[in-house]
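S.K.:
Residue numbers (full-length UniProt numbering), protein chains in the order written: chain A, 1 to 457; chain B, 1 to 457.
(1) Only counting the same chain, and skipping five residues up and downstream in sequence, which positions put a Cβ closer than 8 Å to that of residue 323 of chain B?
(2) For residue 411 of chain B versus residue 369 of chain B, is the C-beta distance shorter than 8 Å?
(3) Who pairs with residue 166 of chain A in a beta bridge, going by DSSP?
(4) If I follow the unbroken beta strand (DSSP E) through residue 245 of chain A, where does it start and stop?
(5) Is the shortest distance between the beta-carbon of residue 97 of chain B and the beta-carbons of chain A less than 8 Å?
(6) What are the boundary residues of the beta strand (DSSP E) that includes residue 419 of chain B?
(7) What's the gap between the Cα of residue 147 of chain A and the Cα of residue 2 of chain A?
(8) Ignoring anything shorter than 3 residues, give me the beta strand (DSSP E) runs that lie fully in the segment 321-362 of chain A, in order along the chain.
(9) What residues from the segment 193-204 of chain A come within 8 Å of chain B, judged by C-beta to C-beta, listed N to C?
(10) Please check if any C-beta of chain A sits within less than 8 Å of the C-beta of residue 311 of chain B.
(11) Inspect the beta-carbon positions of residue 158 of chain A and residue 318 of chain A and report whether they are closer than 8 Å.
(12) So with Cβ pairs under 8 Å, would you call residue 348 of chain B a contact of chain A?
(13) At a CB-CB cut-off below 8 Å, which residues of chain B make contact with residue 236 of chain A?
(14) Going along the chain, which residues of its own chain have a beta-carbon closer than 6 Å to the beta-carbon of residue 306 of chain B, five neighbours each way excluded?
(15) In this structure, does DSSP put residue 83 of chain B in helix, strand or coil?
(16) Name the one or two DSSP bridge partners that residue 302 of chain A has.
(17) Is the beta carbon of residue 278 of chain B closer than 8 Å to that of residue 426 of chain B?
(18) I want to verify the contact list: residues of chain A whose CB lies under 7 Å from the CB of residue 292 of chain B, in sequence order.
(19) Residue 372 of chain A and residue 417 of chain A look like a contact to me (Cβ under 8 Å); what is the Cβ gap, rounded to whole Å?
(20) Can you tell which of A/101, A/11, A/54, A/73 has the C-alpha that lies nearest to the C-alpha of residue 27 of chain A?
(21) Which residues, in chain order, does the segment 116-133 of chain B contribute to contact with chain A at a C-beta distance below 9 Å?
(22) Pick helix, strand or coil for residue 6 of chain B, following the three-state DSSP scheme.
(23) For residue 103 of chain B, verify whether its CB is less than 7 Å away from any heavy atom of the ligand ATP.
(24) What did DSSP end up calling residue 390 of chain A once you bin it into helix, strand or coil?
(25) What residues in the segment 81-94 of chain B have a beta carbon less than 9 Å from any beta carbon of chain A?
(26) By DSSP, does residue 399 of chain A sit in helix, in strand, or in coil?
(27) Please name the residues in the segment 368-398 of chain B whose beta-carbon is closer than 9 Å to at least one beta-carbon of chain A, in chain order.
(28) State the beta-bridge partners of residue 313 of chain B as determined by DSSP.
(29) Within 8 Å, do at least three Cβ pairs link the segment 441-453 of chain B to the segment 118-133 of chain B?
(30) Report the rounded CA-to-CA distance for residue 51 of chain B versus residue 134 of chain B, giving the unit in angstroms.
(31) Looking at the secondary structure, which residues open and close the beta strand (DSSP E) in which residue 30 of chain B lies?
(32) Suppose contacts are defined by Cβ-Cβ distances below 8 Å. Is residue 21 of chain A in contact with residue 125 of chain A by that definition?
(33) For the beta strand (DSSP E) containing residue 106 of chain B, list its first residue and its last residue.
(34) Go through the segment 166-217 of chain B residue by residue and report every complete run of the alpha helix (DSSP H) that reaches 4 residues or more, in order.
(35) Considering only residues of the same chain and omitting the five flanking positions on each side of residue 141 of chain A, which have a CB-CB separation below 6 Å?
(36) Report yes or no: is there a C-beta of chain A within less than 8 Å of the C-beta of residue 274 of chain B?
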C-alpha cells in the first residue's frame with residue numbers, strides 16, 4: 001500500500017482532526033481527583049466510539065478505578081499495540097491559566113500555531129496522532145497496513161493502580177510484536193527522538209504529627225515540638241552538599257553512563273543554558289560533576305512535590321501546627337529497586353523523628369526505570385521513517401520522566417516498546433497554559449503513517 | 001460604695017450576661033481575612049451600643065483598617081483605661097470543629113460548664129467580664145466607682161496596623177492612671193495571675209521563587225532548583241542542635257532570669273508533664289538546660305506558623321514547584337530589638353539562597369517584649385482583690401504570648417498596665433473548639449468588681 005496518498009489525506013483532513021481532538025480535550029478527565037470520575041468515564045466512551053468509527057472492535061473495560069479502552073483490527077502484518085492515556089493532570093493554580101483549561105483554542109504565537117489546554121501534549125494530543133494516522137490509512141486504502149491494537153488507560157496521572165492487574169488478566173489479548181507509545185518529546189524542533197531509557201518513579205506521602213491539636217505559639221512556643229520544623233529538617237537532610245541523595249543504599253543499581261552513550265549524548269550538543277533559561281533558571285542544580293543531560297536522563301533524583309503545614313491563608317496566624325505533610329518523589333535509573341528504596345527512606349525518616357512525633361505514610365506508586373532493547377528491527381525502521389519526515393535524523397535519547405508502562409510491557413508481556421513523541425520542552429506539561437504545537441500534531445500524524453508504512457513494506 | 005450587692009447582682013444576672021456575650025460571639029469578626037470586614041464593623045457597632053446602654057459616651061472610630069471603639073464615663077476617682085479586642089482568629093481547619101464556631105453553646109463537660117465557640121476566651125469572653133462588672137456596678141449604685149474609659153480594637157489578631165497611629169493621634173483621650181487588660185490566663189484553676197512580663201512578637205512572611213513556573217519533575221527534576229528544598233534547608237538551619245536560634249545577634253538583650261524570679265516561679269511548681277500531656281506531648285522541646293516555664297515565659301523562640309509549596313491536594317502530582325512560602329514568627333524577651341532581628345533574619349535567609357532563587361518578604365508586625373513596673377500601687381490592690389475571690393493568692397507570672405499593646409501603653413502613653421485574665425491552658429486559643437469556662441466568665445466578672453472596689457476604697 002502506498003504512503004503518499006495517506007500523507008496527502010492527513011494534510012487535507014487536519015482541520016477535522018483538530019476538531020476531533022478538541023472534543024476529547026473538552027472532557028475534564030482529571031484522574032487523581034474523585035470529583036472528575038464521571039468525566040474520566042466520558043473520555044473513555046468518546047475514545048471507544050471514535051475507534052469504532054475507524055473499524056476497531058473497541059470496548060470500554062471496567063477496572064476498580066477508571067476504565068481501560070481496548071480495540072483491535074485483527075488482520076495480517078506485524079502486530080503492534082499502541083498505548084496512550086486519556087486522563088490529565090489537575091489544573092491548579094487555576095488563576096495562572098489565561099483561558100479555561102478545558103476550552104481548547106488554537107493560538108497564534110511568535111513560534112507558530114499552538115493548541116492550548118490541559119492534556120493537549122500530555123497525552124490526548126499525542127494519543128490522537130496515532131489514531132488519526134490509522135484513520136487516514138483506512139480512508140485511503142480501506143484497511144490498515146498492520147494488525148493494530150489500541151490500549152488506553154485513564155489512571156496514568158494518578159499512579160496507574162489498575163494497570164498491572166489488568167495487563168495480567170488480559171495478557172494474551174494485549175501481547176503484540178511491539179508496543180508503540182506517544183507520550184514523549186522531540187529532541188528539538190527539527191530532531192525527532194526515540195527514547196530508549198526512562199527513569200522510574202517512587203511516590204511517597206508523609207504526615208508528621210506533633211501536638212494532638214493546633215496550639216497557640218504564644219502559650220506553647222518554645223516548649224512544644226513543632227512538626228513543621230521536624231519536616232523541614234528531614235527534607236533538608238535528603239541531599240548532601242554535593243546534591244547527592246542521602247537515603248542509605250539509594251545509589252545501589254545506578255550505572256555510570258557508557259562511553260558510547262556519553263559520546264552520542266554529547267553529540268546532541270544539549271544547550272542547558274537555553275533549556276533552563278526558558279524557565280528562569282541558569283544553574284544546573286543536580287549532583288556536582290555531572291553533565292546537565294545526565295542529571296535529567298540518567299541520574300536519580302529526590303524532589304519535594306508538595307509540602308504544607310499550619311496556616312497558609314492571607315494575613316498571619318500565630319499557630320503552632322499539629323501536623324506537617326509532604327509529597328516526595330524519587331526518579332530512579334538503572335536497576336534501582338523502588339521497594340527497597342521506599343523501605344530505606346521510611347526507616348531514615350522514622351529514625352530522625354524526635355520524641356513526641358509520629359509519622360504516617362501514603363504509597364503513591366513505585367516503578368523501576370526502563371531500558372529498551374534497541375536491537376529490535378522496528379527501531380531501525382522507525383528511525384528511518386522519522387528521518388524522512390523531519391529535517392534532522394532521529395536520535396536515540398534518554399527520558400527524565402517516568403512511563404512505567406514500558407517496564408510493564410517488558411516484564412508482564414515480554415514486549416519491547418518504542419517511545420516516539422512529538423512534544424516540546426516548552427509545552428508546560430502539568431503546568432498552567434499547557435500547549436501542543438499544531439505542527440507537532442500534524443507532523444506527528446504523518447510520522448506514524450510513515451512508521452506504519454516502514455514496518456510493513 | 002459597697003461591694004457585696006454588686007457581687008450579688010452579678011450572680012443573679014449571669015444568664016443575661018451570657019446571652020449578651022453570645023450576641024457578640026455570633027459575629028464572625030475574623031480580622032485577618034478581608035472577607036469578614038463587614039462583620040468586624042458589626043462587632044464594633046454592637047460594642048458601641050452595649051457601652052452606651054451602661055452610660056458610656058461610646059463611639060466607633062474609623063481607621064484605615066477595622067474600627068476602634070472608645071467610650072468614657074468621666075467622673076471622680078482614679079482614671080482606668082480598660083482595653084480588649086473584638087476580633088478573632090480564623091477558624092480553619094473548619095472540619096475539626098464539633099459545632100459551628102460562630103454558633104456558641106454552653107456545654108456540660110466533666111470539668112464543668114464551658115462556653116464553646118471562636119473568640120470565647122480570646123478575647124470576647126474576657127472583654128465582657130469587665131463590661132459586665134461595670135454594668136452590675138451601675139445597676140446597683142447608679143454610677144461607676146471610678147473614671148472609666150474603654151478602648152477596644154479589631155486588629156489584634158492581624159498585627160494591629162492601626163493601633164499605634166490611633167494612640168498617637170488620641171494620646172490625651174487614651175491616657176489614664178493605669179491600663180487594665182483581660183486577655184491572659186489564670187495560673188491554674190485556683191490561682192489567679194497578674195502577668196508582669198510578656199514576650200514580644202516579630203512576624204515574617206517569605207516566598208522563595210526558583211523556576212518562573214511550575215515544572216514537570218520528570219522533565220526538569222535533577223537539573224532545576226526546587227524552592228521547597230531551599231525553604232526546608234533555611235527553616236532547618238534556624239535552630240542548632242541545642243535548640244538555640246541561629247540568627248546572628250538574636251540573643252542580644254535576652255536577660256538571664258533573676259534569682260528572685262527563678263525562685264518565685266519554682267514555687268509555682270509548674271507541672272510541665274501535665275501541661276504538655278494535655279496536648280499529646282511529653283518532652284520540653286526548647287533550648288537545652290532551661291526550665292520548661294522559662295522556655296515559655298522568658299526565653300525567645302522561632303516558630304514556623306505556616307509552610308506551603310507545590311501540590312497539596314488529594315492524590316499525587318509530580319510537580320517541581322516554582323514557589324515555596326512560609327510564615328515564621330519570633331517571640332522576643334527582655335530588650336531584644338524586633339527591627340534589628342528582622343534585618344538579621346532577612347540577611348541570613350538571603351545569604352543562604354542558591355543561584356536562581358529569589359525571596360520576597362511580608363511584614364506581619366514587630367513588637368518588643370513588655371516588663372511591667374510592679375511597684376505601682378494598683379498591683380498590690382489587685383493582688384489582694386483577686387486573692388479574696390479565688391482559693392489561692394494571686395501570683396505574679398510571665399506570659400509566653402504577645403500583647404504588644406502593653407508595650408505601646410508604656411511607650412506612647414507612659415502608662416503602666418495590669419494584665420489580669422481568666423483563661424485556662426485548655427481553652428484552645430487559635431485552635432478548633434475554642435472554649436471559655438463559664439466559671440471563668442462568672443468569677444472574672446466578680447474579680448473585676450472587686451478590683452474596681454479595691455482601687456477606689
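In this text, a Cβ means the ideal position worked out from N, Cα and C, and glycines have one as well.
None of the values given here were measured: they were computed from a predicted structure.
M.R.: Inspection of the coordinates gives the following:
(1) 207, 208, 209, 210, 227, 309
(2) no
(3) Bridge partners of residue 166 of chain A: none, in fact.
(4) Per DSSP, residue 245 of chain A belongs to no beta strand (DSSP E) and is neither H nor E.
(5) no
(6) 417-420
(7) 17 Å
(8) 323-332
(9) 199, 201, 203
(10) yes
(11) no
(12) no
(13) 229, 232, 233, 235, 236, 237
(14) 327
(15) strand
(16) A/330
(17) yes
(18) 223
(19) 6 Å
(20) A/101
(21) 122
(22) helix
(23) No copy of the ligand ATP occurs in the structure displayed, which carries no ligand at all.
(24) coil
(25) 89, 90, 92, 93
(26) strand
(27) none
(28) Answer by DSSP bridge pairing: none, since residue 313 of chain B is not bridged.
(29) yes
(30) 10 Å
(31) Here residue 30 of chain B belongs to no beta strand (DSSP E), and DSSP marks it neither H nor E.
(32) yes
(33) 105-109
(34) 171-174
(35) 1
(36) no
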